[in-house]
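Undergrad: Here's a structure for you.
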Amino acid sequence: TKVGSPFVIDGMEVSYRGGNIVIGFEANGGVLLGSDCLLNGKTLAALPTRDSLLPILAVLGTMASTKRPLSRLRELWDLPFCASERLENFPVESSSRLMTQLANPDALQQFLAPFGTVAEIDETDGLRARMDSGEIIHLRPSGNAPELRCYSEAASYARATAIVALTLEKARAFASPGTQGI
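Basically my numbering = 1-based index in the sequence shown + 10.
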């Protein structure tokens, strides 16, 4: 979905109509539970609003049920490592020009070539590319500040942070005076 709890809630409602247990997340740490779910024989009622207590309780409950310390919980799930950063004071015009250029699949492939081949594109909120390696690179102009944000998912934290750093470096170079294209 687009960033913002109203968009996440709308997306959750669509998914819930499909009969699934629905959980939404926001980058600010909020978790939204869009449907009732059963946990250890008890019903946890839907809470489709940003809640910071639910993820804390979930972590504490998982620590108790698995008898693992917090530092070892990640081993339970095959999750990618994520990284994010932003270019502050990045002119809105530069963001717009970059996103317009990257809407061209050939330009996008050229821009992201250091990371492999673009396999899938999602333009729901900015530009999110899934690479043939499974890595994700998401560029998104801020909706309320002169910033360009970049998020990535990869098999290691070092790789995720390297992807973000190089992507933002390329975006900064694109916005430099005299640069015409990718």
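Note that beta-carbon positions come from the ideal geometry of N, C-alpha and C, so glycine has one too.
(1) Can you tell me which of A170, V41, D46 and P156 puts its alpha carbon nearest to the alpha carbon of S143?
(2) Going by the beta-carbon positions, is the gap between E98 and E157 smaller than 7 Å?
(3) Which one of E95, W87 and G136 has the shortest CA to CA distance from Q111?
(4) Would you list the one or two residues that DSSP bridges to P151?
(5) By alpha-carbon positions, which one of D46, L108 and F91 ends up nearest to A183?
(6) May I ask you to report which of helix, strand or coil DSSP gives D135?
(7) Suppose you measure from the CA of T53 to the CA of D46; what does that come to, to the nearest Å?
(8) Rounded to whole angstroms, what's the CA-CA distance from L49 to L42? Just pull it up for me.
(9) Check this for me: beta carbons of I147 and T127, under 7 Å apart or not?
(10) Using DSSP bridges, identify the partner residues of F91.
TA: Short version:
(1) Locating residue 143 in the sequence shown gives position 133, counting from the first residue. Considering only alpha carbons, the answer is A170.
(2) For the purposes of this step, residue 98 is taken as residue 88 along the sequence shown, with counting starting at 1. For the purposes of this step, residue 157 is taken as residue 147 along the sequence shown, with counting starting at 1. Yes; because the gap between Cβ atoms is below 7 Å, this pair is in contact.
(3) For the purposes of this step, residue 111 is taken as the residue at position 101 of the sequence shown. Per the Cα distances, G136.
(4) Numbered from its first residue, the sequence shown carries residue 151 at position 141. Bridge partners of P151: L158.
(5) Sequence index remark: in the sequence shown, residue 183 carries index 173 (1-based). Among D46, L108 and F91, the Cα nearest to that of A183 belongs to L108.
(6) To locate residue 135, count along the sequence shown from 1; it is residue 125. If DSSP states are grouped into helix, strand and coil, D135 belongs with coil.
(7) Looking up residue 53 in the sequence shown gives position 43. Looking up residue 46 in the sequence shown gives position 36. In a straight line, the C-alpha of T53 is about 7 Å away from that of D46.
(8) Working through the sequence shown from its first residue, we reach residue 49 at position 39. Working through the sequence shown from its first residue, we reach residue 42 at position 32. Rounded to the nearest angstrom, the two C-alpha atoms are 16 Å apart.
(9) Within the sequence shown, residue 147 is the residue found at index 137, counting from 1. Within the sequence shown, residue 127 is the residue found at index 117, counting from 1. Going by C-beta atoms, I147 is not nearer than 7 Å to T127.
(10) Within the sequence shown, numbered from 1, the residue matching residue 91 stands at position 81. Looking at the DSSP assignment, F91 forms a beta bridge with A164.
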